[in-house]
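Single-structure report; data block below.
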Amino acid sequence: MPTVVVVRLPSKPFDEEVIHAVEKGLNLLDFEPNYETVLIKPNLCSEKIAMITDRRIIYALARYFKNRNCNIIIGENPVINTPSKKLFSSPEIEILRRKTGVEVVNLRFKKFKKVKVLNPILFREIELSEYAVTADAIINVPIMRRHALAGLTLGIKNLFGLVSLRQRYFMHSEGLYKGLIDIAKVLRDKLKLTVIDGIKATIDGGLIPIGMIVMGRDIVATDTIVSYLLGWDPQELELLKYAQEEGIGISNLDQIEVIGITWSEIEALRKGLRKWFRPPMRSIEELVRELGKIEVVLGEACPSCIRSLSVVLSAFSPKDFENSPELAILVGPKAEPVKNKLNIVIGNCLKKYRECGIFVGCCPVYTHDIRVALEYAIGKVKKPIYLWDSLKKFIHSPI
């Protein structure tokens with residue numbers, strides 16, 4: 405049975421309190437490293453402080469491993485349109501370098517190596533950072549963050565920063581969640597520890613205090629406990645569902661031991677945090693009745709696409725569709741085009757119908773792109789400009 409440790413902290417902890425909390429959690433896990441080379445992989449998503457793992461946690465981990473004679477690298481490949489050179493020369497990163505005495509590496513401009521995936525879900529090969537390939541241990545240190553597509557981004561999603569930009573493009577296009585599980589498969593034996601920063605959690609670029617650090621050896625179990633704390637049913641999240649199915653780890657709550665917090669405390673926290681991290685979602689059926697002129701064909705659509713479509717439709721009113729043609733929105737691999745209607749085809753699982761209407765690619769599809777497709781269909785914009793198309797240039801000309 406995997407163990408997950410939760411260490412509580414004040415909402416504004418002093419530096420020594422954070423360092424003590426990390427060491428306490430490692431002791432409760434009975435974690436004793438015996439590795440020559442350690443890669444610490446934080447969230448360094450962008451220049452915004454809300455998108456960066458608390459540097460005090462990174463410092464505490466670096467000190468812990470240095471004291472045990474490990475060779476340490478801190479490395480990250482940030483979000484595709486983040487000016488990474490600027491980020492890695494920022495005061496925040498310079499402080500991290502100075503405090504830890506450890507090299508902080510921008511993986512984007514380092515070497516990547518093609519690695520075969522055994523029993524892949526989607527990708528037979530993955531382009532991984534050489535630092536990840538050669539490390540004896542990877543210490544995964546994400547920040548708790550609400551995510552427009554995945555629902556939450558935690559330990560498994562944080563592995564995305566270990567692949568090349570080209571690989572990211574393929575994964576976003578063909579199947580992000582299955583691609584992430586393939587990454588986890590390749591790195592399974594190296595993923596020794598996941599430490600999730602919940603001192604403050606990120607919502608839409610802002611921070612809310614939670615006051616905890618959560619850690620475990622099993623990346624899936626650790627993500628599962630945090631997902632539940634933040635108001636989700638872990639089985640709603642595709643990443644956790646696929647991860648357990650593929651044997652990466654455990655996502656059943658009753659098969660995970662939790663130390664440092666009682667289940668009654670978890671339930672109390674969950675009740676308060678749910679409104680921020682798992683806000684109520686209007687049903688597609690209700691929205692269709694309200695808006696009129698729209699038919700939604702749900703052909704075994706995944707939860708991500710249903711969530712995204714609900715968010716997008718909730719932002720429209722019946723007035724927006726008064727002068728529009730009759731629309732059919734196709735979602736899910738079993739959906740089929742509707743005759744005599746303008747079809748909006750959502751997701752790469754339906755790319756065989758891309759010529760049957762307005763096609764919006766990727767898997768999962770960005771909410772921005774669904775909204776733009778709808779605006780184009782009703783004549784609100786003359787030309788659809790999709791988010792992922794605008795990001796392609798950064799693959800060939802990284803910043």
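Heads up: take any position in the sequence shown, counting from 1, add 404, and you land on the numbering used here.
Here a beta-carbon is modelled for each residue, glycine too, at the ideal position from N, C-alpha and C.
The region 752-763 makes no contact with the region 535-542; the number of CB pairs closer than 8 Å stays below 3. DSSP, reduced to helix, strand and coil, places Pro-613 within a strand of the structure shown.
By the CB criterion at 8 Å, Val-599 and Ile-629 fall outside the cutoff. Taking a C-beta distance under 8 Å as the contact criterion, Leu-702 and Gly-736 qualify as a contact pair. Cβ-Cβ distances below 7 Å link Lys-520 to Arg-528, Glu-529 in the same chain, with the five nearest sequence neighbours on each side left out; the list follows chain order. In this structure, the CA atom of Phe-798 is about 15 Å from the CA atom of Val-567. Taking 4 residues as the shortest admissible run, the region 668-755 contains the following complete alpha helix (DSSP H) segments, listed from N- to C-terminal end: 688-695, 707-718. For Asp-434 and Thr-407, the gap between their C-alpha atoms comes out near 10 Å.
Excluding five sequence positions before and after Pro-524, the CB atoms of its chain that fall closer than 8 Å to its own CB belong to Asp-586, Lys-589, given in chain order. Secondary structure note for Phe-469: its alpha helix (DSSP H) is the uninterrupted segment 459-470. Of the candidates Thr-771, Gly-429, Cys-766, the residue whose Cα lies closest to the Cα of Phe-574 is Cys-766.
Non-local C-beta neighbours of Val-742 in its own chain, meaning closer than 7 Å and more than five positions away in sequence, comprise Glu-699, Val-701, Ala-732, ordered along the chain. Put simply, of Ala-466, Thr-457, Tyr-468, Arg-501 the residue whose alpha carbon is nearest the alpha carbon of Pro-482 is Thr-457. The continuous stretches of beta strand (DSSP E) do not include Arg-501, which lies in the alpha helix (DSSP H) extending over residues 495-504. For the region 547-603, the full-length beta strand (DSSP E) segments reaching 3 residues or more read 547-551, 555-557 along the chain.
Per DSSP, Ala-781 is one residue of the alpha helix (DSSP H) stretching across 771-781. At least 8 Å separates the beta-carbon of Ala-425 from that of Val-442. Looking at the DSSP output, Glu-534 bridges to nothing. Around the beta carbon of Asn-747, 16 or more other beta carbons lie within 10 angstroms, which makes this residue buried. Straight across, the Cα-Cα distance linking Gln-571 with Leu-563 is about 12 Å. A buried status is given to Asn-544, since no fewer than 16 other beta-carbon atoms sit within 10 Å of its beta-carbon.
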